[in-house]
Every structure is written in C-alpha cells, then in structure tokens.
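Asks: Sharing a structure below in structure tokens format, with a few things to ask.
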Amino acid sequence: MVSVLVQPALFEAPRLSVSEFTRRIRRLIEGDPSLSNVWVQAEISNFSRPASGHLYFTLKDNGASLRCVMWKSDVKKLHGLELQDGMAVEVHGKTTVYEPGGQYQLIVDLIEAGSGEGALFAEFIRLKNKFESEGLFSDDRKRKIPALPQTIGLVTSSTGAALQDVLNVLKRRLPTARVVLSPTAVQGVDAPVSIVKALRLLNEMVKPDVIILARGGGSIEDLWAFNDEEVVRAVSSSPAPIITGVGHETDFTLVDFVSDLRAPTPTAAAELATPITVIDLLSDIVGTRRLLDTLLSTKISELRSELGSIKLGLRYLSPDRLLHDQIQRIDDLLLRSSRAINQTIMLEKTRLRGINQSLGTLNPLSILERGYSIVSRKIDGKIIHSSKNILPGTSLHVRLAAGSLDVSVQETYLEEA
Amino acid sequence: MAQSPEKVEEMSFEAAFKELETLVSALESESHALDESIKMYERAQTLAVHCSSLLEKAELKVLQLGLDSQKEIQGQV
Numbered sequence: 012m013v014s015v016l017v018q019p020a021l022f023e024a025p026r027l028s029v030s031e032f033t034r035r036i037r038r039l040i041e042g043d044p045s046l047s048n049v050w051v052q053a054e055i056s057n058f059s060r061p062a063s064g065h066l067y068f069t070l071k072d073n074g075a076s077l078r079c080v081m082w083k084s085d086v087k088k089l090h091g092l093e094l095q096d097g098m099a100v101e102v103h104g105k106t107t108v109y110e111p112g113g114q115y116q117l118i119v120d121l122i123e124a125g126s127g128e129g130a131l132f133a134e135f136i137r138l139k140n141k142f143e144s145e146g147l148f149s150d151d152r153k154r155k156i157p158a159l160p161q162t163i164g165l166v167t168s169s170t171g172a173a174l175q176d177v178l179n180v181l182k183r184r185l186p187t188a189r190v191v192l193s194p195t196a197v198q199g200v201d202a203p204v205s206i207v208k209a210l211r212l213l214n215e216m217v218k219p220d221v222i223i224l225a226r227g228g229g230s231i232e233d234l235w236a237f238n239d240e241e242v243v244r245a246v247s248s249s250p251a252p253i254i255t256g257v258g259h260e261t262d263f264t265l266v267d268f269v270s271d272l273r274a275p276t277p278t279a280a281a282e283l284a285t286p287i288t289v290i291d292l293l294s295d296i297v298g299t300r301r302l303l304d305t306l307l308s309t310k311i312s313e314l315r316s317e318l319g320s321i322k323l324g325l326r327y328l329s330p331d332r333l334l335h336d337q338i339q340r341i342d343d344l345l346l347r348s349s350r351a352i353n354q355t356i357m358l359e360k361t362r363l364r365g366i367n368q369s370l371g372t373l374n375p376l377s378i379l380e381r382g383y384s385i386v387s388r389k390i391d392g393k394i395i396h397s398s399k400n401i402l403p404g405t406s407l408h409v410r411l412a413a414g415s416l417d418v419s420v421q422e423t424y425l426e427e428a
Numbered sequence: 005m006a007q008s009p010e011k012v013e014e015m016s017f018e019a020a021f022k023e024l025e026t027l028v029s030a031l032e033s034e035s036h037a038l039d040e041s042i043k044m045y046e047r048a049q050t051l052a053v054h055c056s057s058l059l060e061k062a063e064l065k066v067l068q069l070g071l072d073s074q075k076e077i078q079g080q081v
C-alpha cells in the first residue's frame, strides 16, 4: 500500500461520523465490479417472506454466511421455484451495504436450483428419485389409518417437546387409547439406527394399530435422520401403518413420502391418528341409544298391528260366529214355522166356527131357548110325544132351557085345549 | 350375537362398542322374535351405558418400551 510510505504527518487519521464511515465502505464495496455482478453457490437458511412480499434469507456454507434480499419485483423470475431452508441454490445479484444496519448484503435478482446443489440436497434428491423408481411412494402402498385405534405406538425422543405435544392431543382426543412410547434418538449419527430399532421393537412387542413417528422442528441437518435410507425402508415395511409428523409444515423428509399418512407437525400427527374423538363417541352412543329405542318401539308397533289384523281375521273364523249363524237360522225357522202354524190354526178356527154354527142349529137343546120344553116320563125317561096312554097322576120330567121341573099329570086331552 | 355373551361390566371399551354396533345393525336389518329382540335391545342398552361410563372415566395410559420390559411413565403426561 503506497500511502504507508508517504509521510504520516500529511495523512492524519480521518475523524468520521458513522454515516460517513459507512458511506465509504459502501462506495468501496459497491464500486467493486466483481461484487456487483456475481453468482454465489450455497444453501438457503433463515428463509422468510413477510407481508411486504420481499424475500429474506441467508446463504450458508461450512465457513461463512451471507445475508440476501430478493425484491418483490424480482420474485416472479423464480418461475414457481419454492424456496425453503436447506435448499441448495445458485443466486445472482449485486452486493450492497444497508447503511442503517451497517451490514452488507446481496441483492438477489436470479435464483437457480440444480447445477450447484449442496451436498445434502443432492443426496436428498438422489434418494428420493431412487425410492420413487422403486415404487416406495406409490399410493397403492398407503394403508388405511384405523378410525379407532386401541394401541398407538409412538416413536420419538423421550425428552423432546414433540412427545408432550402428541400426548396432550391424544389425552384430549382419545383417552381410551393405550400409548406405547418406543423412545429413540431423533438427530445425530446414531439416530437412523435408533429409529429403525424403535420401530422394530414396537412392531414386534406391541403390534400397535398405528404408529406415530414424530420429531419437532429443526434445520435440514437436524432432520436428516428422517431421510436416511434404512429409516425410509423401515417405515415402508412396517407392519403397522405409520403417520409421520416431522418438523414444521414446510419441512419435507423422505419418510413423509413413504409413510401411510404425512402430518405437517407432531401435533397434527396425533390428531390424524385419532380421527374419532371421545366427544364423537359419546354423542354416537347417545344417538345409538335413541336408535335402539326407535327400533324396538317400531318392532312392537309392527307386531301390534299384525296382531290386530290377525284378530280381525280370527273373528270371521270364530265358532261364536258360527253359533250366531245357527241361532239365526233356528230363529228364522221358528219364525217361519210359527207363521205356518198360525195360519193352520186360523183355518181350523174358521172351519170350527162354521161347524159350531151348523151344530147349533141341529142341537135339540137350542129349541128350548125358544120356549119349547122336553117332557119325559119320570119312571123310564121316555120322551112323551102324545097325551095318549098317559094317565092322570103320572110323574113327568120337564126339561126347560134353564133348569127342569118334576110335575104330575092332572088331566089328559086328546086335542089341543 | 355373541355365542357366549361376555359380562358387560368386564368388557373393554372397544369390545363393547363393537358388539353394540353389531347388535344395532342386526336389529336394523334382521327380523327376530320379540323376546329375542327385547333381549338384544336390553343388552345393547347395557353396552351403551357401559361404553359411556368407560369414556367418561378414561385416562390415557402411557407405557414406555424399555430394552427388555415395559415400564409405566404415567408421570410424563
């Protein structure tokens, strides 16, 4: 540096305000053509997209980090590329200094994924393609999650927040369930082996109806065990269906693709494992009891109306009814016969009356009514027709219409006196 | 209907609930003699009451798998 060789007295140390200082830095950095039109390769972290629509993130590699901004007006140039933490990218932009923050940053105008993928991301893609070509992600492999699990297996760290989140949800939604925790490391070199073993133990010893594989949020490195080939294969071949809830909503790991159901978080996984809650069950039981009542009373009223119609049919077949018929027939006959008899009687009566009348005219006694009398000899009852041969003093009996007389003959005459 | 009816008080929630569902659909779809229907109805009602009471007093049971045995970790909940 030439200036060092010049006499110090001529170059007093400058006294600058912060603003002036920062402005000089800015001129220095922004004046460097190699920094104002540059490509940088790295992995995205701390990605955020506030309401303003500008994108903020940090590019990171093993040795350093670089703050980046992409203005909203350039975001459309992403062509739908979904940025997320851990993603390996190549970005293009120019370096500026943000004076209020005293920070330099890269103003990004282009982002490309692909050619410059970070090691982890490249590995992720490689494994994903491999499993996909093996058909491990196929929808036909997805098993149904049971609606009402009796035993829920839980594979997670026994000390993580995810465990409490999951237990709280299960306790609230389905306290009838039995939960069996198969504890495991969820990050670090030992995690993959530990997860595989925890799954195997659970399936062998407990045979749960469903398994929740969960871990709280973290960086792509933290979640890496869930991209491990052995872990993916263990999840894929688990006899019990598995719900994964790994990291946050934006985190995707390979176990998510291979599990039977992917939940965005551990809490959501616990919810998906209990599609029917205790509240549902209670109200279901109330409804069932009501249905039972209806079924039984319907049955009874059906039987009752069946009985009614049978009774009605029975009345037509009843001997009572036959008896009534017979009685009616008898009554009918009686009526007819009494009518016939009456007629006969009437006829007979009329005939009798005629006979009586003729009888009356023939009856010798009826002559007495007209003042005649019958005289007979007392001694032998012989009716006297003539005074001849009758001597005075003979006792005679005289029969009158009413009563009779015994008389003696005083005198006899041959002619009418 | 179950061939040998279990005592309702001793049944697990899932078993009772399953039998309840079976009884209801049998009552709905099949025709039974009245006394059998009433028996089924009474058992179903008993099962329903049992299920409700199990639900109301249920507490999540949490076990932890150890290397060779299961031990309770109720305190965690």
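Top to bottom, those sequences are chains F and V.
In case it helps, our numbering puts the first sequence at residues 12 to 428.
In case it helps, our numbering puts the second sequence at residues 5 to 81.
Built from N, CA and C at the ideal position, the CB exists for glycine as well.
All values reported here derive from a predicted model rather than from experimental measurement.
1) What residue range is occupied by the uninterrupted alpha helix (DSSP H) comprising F/Q175?
2) Please tell me whether F/A413 and F/G382 are closer than 9 Å, where the distance is taken between their beta carbons.
3) Can you tell me which residues form a DSSP beta bridge with F/C79?
4) Tell me the rounded alpha-carbon separation between F/E123 and F/S30.
5) Taking Cβ to Cβ, would you say F/V86 is nearer than 9 Å to F/L66?
6) Would a C-beta distance cut-off of 9 Å place F/L306 and V/V28 closer than the cut-off?
7) Compare the C-beta of V/E10 against all C-beta atoms of chain F and say whether one is closer than 9 Å.
8) For F/P286, which residues from the same chain have a beta carbon less than 6 Å from its beta carbon, with the 5 sequence-adjacent residues on both sides left out?
9) Out of curiosity, what's the CA-to-CA distance linking F/D342 and F/T309?
10) In whole angstroms, give me the CA-to-CA distance for F/L345 and F/R326.
11) Taking the Cβ atom as the reference point for each residue, do F/W235 and F/Q175 lie within a distance shorter than 9 Å?
12) Excluding sequence positions up to five away, which residues of its chain have a Cβ less than 7 Å from the Cβ of F/P61?
13) Do you know offhand how far F/E41's Cα is from F/A99's?
14) So, helix, strand or coil for F/G365, using DSSP?
15) Along chain V, in chain order, which residues have C-beta atoms closer than 7 Å to that of F/T299?
16) What residues in the region 143-173 of chain F bring their beta carbon closer than 8 Å to a beta carbon of chain V?
17) With a threshold of 7 Å on Cβ separation, who are the neighbours of F/S398 within its own chain once the five nearest residues in sequence on each side are excluded?
18) Please classify F/Q337: does DSSP put it in a helix, a strand, or coil?
19) Anything in chain V within Cβ reach of F/S193, meaning under 9 Å, just list it in chain order.
20) Using the Cα positions of F/S348 and F/L328, report the straight-line distance between them to the nearest angstrom.
21) Taking buried to mean at least 16 other C-beta atoms within 10 Å of its own C-beta, is V/A6 buried or exposed?
22) Out of curiosity, what's the CA-to-CA distance linking F/V266 and F/S248?
23) So F/P194 is in the beta strand (DSSP E); what residue range does that whole segment cover?
24) Where does the unbroken beta strand (DSSP E) through F/E101 begin, and where does it stop?
25) Quick check: F/D417 and F/L407, are their CB atoms within less than 9 Å of each other?
26) Report all residues from its chain with a CB closer than 7 Å to the CB of V/S41; omit the five preceding and five following residues, and keep chain order.
27) Taking only runs of the beta strand (DSSP E) that begin and end inside the region 265-299 of chain F, which ones reach a length of at least 3 residues, in chain order?
28) Excluding the 5 residues flanking F/D271 on each side, which residues of the same chain have their C-beta closer than 6 Å to its C-beta?
29) Roughly how many angstroms lie between the CA atoms of F/I356 and F/L363, to the nearest whole one?
30) Which residue's Cα is closest to the Cα of F/D201: F/L46, F/G227, F/R37 and F/F237?
31) Quick check on the DSSP output: what are the complete alpha helix (DSSP H) runs of length 4 or more inside the region 129-161 of chain F, in order along the chain?
32) Tell me, please, whether the region 273-289 of chain F touches the region 36-50 of chain V by the rule of three or more beta-carbon pairs shorter than 8 Å.
33) Is it right to say F/P277 is buried, meaning 16 or more other beta carbons lie within 10 angstroms of its own, or is it exposed?
34) Does DSSP put F/R381 in a helix, a strand or coil?
35) Got a sec? Which residues, its chain only, sit under 6 Å from F/E380 by beta carbon, not counting five neighbours each side?
36) Leaving aside the five residues before and after F/V207 along the sequence, list all residues of the same chain whose C-beta is less than 7 Å from its C-beta, in chain order.
Replies: Here's the rundown:
1) A172 to R184
2) no
3) DSSP, once it has assigned bridges, lists F/F68 and F/L117 as partnering F/C79.
4) 35 Å
5) Result yes, Cβ atoms of F/V86 and F/L66 sit closer than 9 Å.
6) Cβ distance < 9 Å, so F/L306 and V/V28 count as in contact.
7) no
8) A158
9) 47 Å
10) CA-CA distance, F/L345 to F/R326, rounds to 27 Å.
11) no
12) none
13) 26 Å
14) helix
15) Contacts between F/T299 and chain V, judged by CB atoms closer than 7 Å, involve L24, V28 and A52 in chain order.
16) The region 143-173 of chain F vs chain V, Cβ under 8 Å: L159, Q161 and S169.
17) T423, Y424 and L425
18) helix
19) Q68 and L69
20) 30 Å
21) Residue placement at V/A6 is flagged as unreliable, the pLDDT there being 46, under the threshold of 50; the coordinate-derived value follows with that caveat. Flag for V/A6 reads exposed.
22) 12 Å
23) Per DSSP, F/P194 is one residue of the beta strand (DSSP E) stretching across R189 to P194.
24) A99 to Y109
25) yes
26) L31
27) 272-274
28) K153, R154, P252 and I253
29) 10 Å
30) F/F237
31) 130-145
32) Using a C-beta cut-off of 8 Å, the region 273-289 of chain F makes no contact with the region 36-50 of chain V, since fewer than three inter-stretch Cβ pairs fall below that distance.
33) buried
34) coil
35) Cβ within range, chain order: A412.
36) E241, V242 and A245
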